[in-house]
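*Asks:* The following block contains the structure, expressed as structure tokens.
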Amino acid sequence: MANAEGRYININPAPCQMLGYAKDELLGLTLLDVLDPSEAARLDETRREMSDLQIHRSEWLFNRKDGSVFVGELVGGQLPDGNLQSIVRDVSERLEREALERTLRQEAAHRTKNVLAVVQTILR
């Protein structure tokens, strides 16, 4: 949970483990502190969108304490008291699997077209 300025005010062990920080290190940091710098421009817009008290889902690049980066799916929204509640899960592996699947499908389609072209040539 973060306050309206985005500063963490309550946190459970899962994000501590995911980001590589101790709980007392994360408390006091902001979402901007753990997001990849390339994501900063999106943050203000997303905060405005979250002010409608609806649940929002989006993917962000996060930086771990050790400097490694992962893609996290953030699901959250603003509570009636103005605080922000969110859940983040690391979706890096899922995205890698999806990219591999797309590559394999494209390769299979390409090979199928090549085989069909050879068969058509033979039949002529």
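Under the working numbering, residues 1409 to 1532 are what the sequence shown spells out, in order.
C-beta atoms are modelled at their ideal positions from N, C-alpha and C, and glycine is treated no differently.
All figures in this text were calculated on a predicted structure; none of them were measured in a lab.
1) Determine contact between the segment 1473 to 1491 and the segment 1508 to 1525, defined as no fewer than three beta-carbon pairs at a distance below 8 Å.
2) Closest to valine 1537 by CA distance: which of Asn1411, Glu1413, Asn1420, Asp1474 is it?
3) DSSP state of aspartate 1460, grouped into three classes?
4) Could you tell me which residues DSSP puts in a beta bridge with tyrosine 1429?
5) Could you round the C-beta distance between leucine 1427 and arginine 1472 to whole angstroms and report it? I think they count as a contact, below 8 Å.
6) Note the first and the last residue of the continuous beta strand (DSSP E) segment covering valine 1442.
7) By how many angstroms is the C-alpha of arginine 1510 removed from the C-alpha of leucine 1482?
8) Ignore the nearest five residues each way along the sequence and tell me which others in arginine 1415's own chain have a CB closer than 8 Å to its CB.
9) Apart from the five residues just before and just after asparagine 1411, which ones in its own chain have a Cβ nearer than 6 Å to its Cβ?
10) With DSSP as the reference, identify every bridge partner of valine 1496, one or two as the case may be.
11) Which residues in the same chain as tyrosine 1429 place their Cβ atom closer than 7 Å to its Cβ, once the five residues preceding and following it in sequence are excluded?
*Replies:* The structure says:
1) no
2) The question about residue 1537 has no answer, for the chain in this structure spans 1409 to 1532.
3) Note: aspartate 1460 maps to coil in three-state DSSP.
4) For tyrosine 1429, which the question treats as bridged, DSSP gives no partner whatsoever.
5) 5 Å
6) Looking at the DSSP string, valine 1442 is not in any beta strand (DSSP E); the run it does join, the alpha helix (DSSP H), is 1439 to 1442.
7) 24 Å
8) Gly1436, Leu1437, Thr1438
9) Ile1417, Asn1491
10) Leu1482
11) Lys1473
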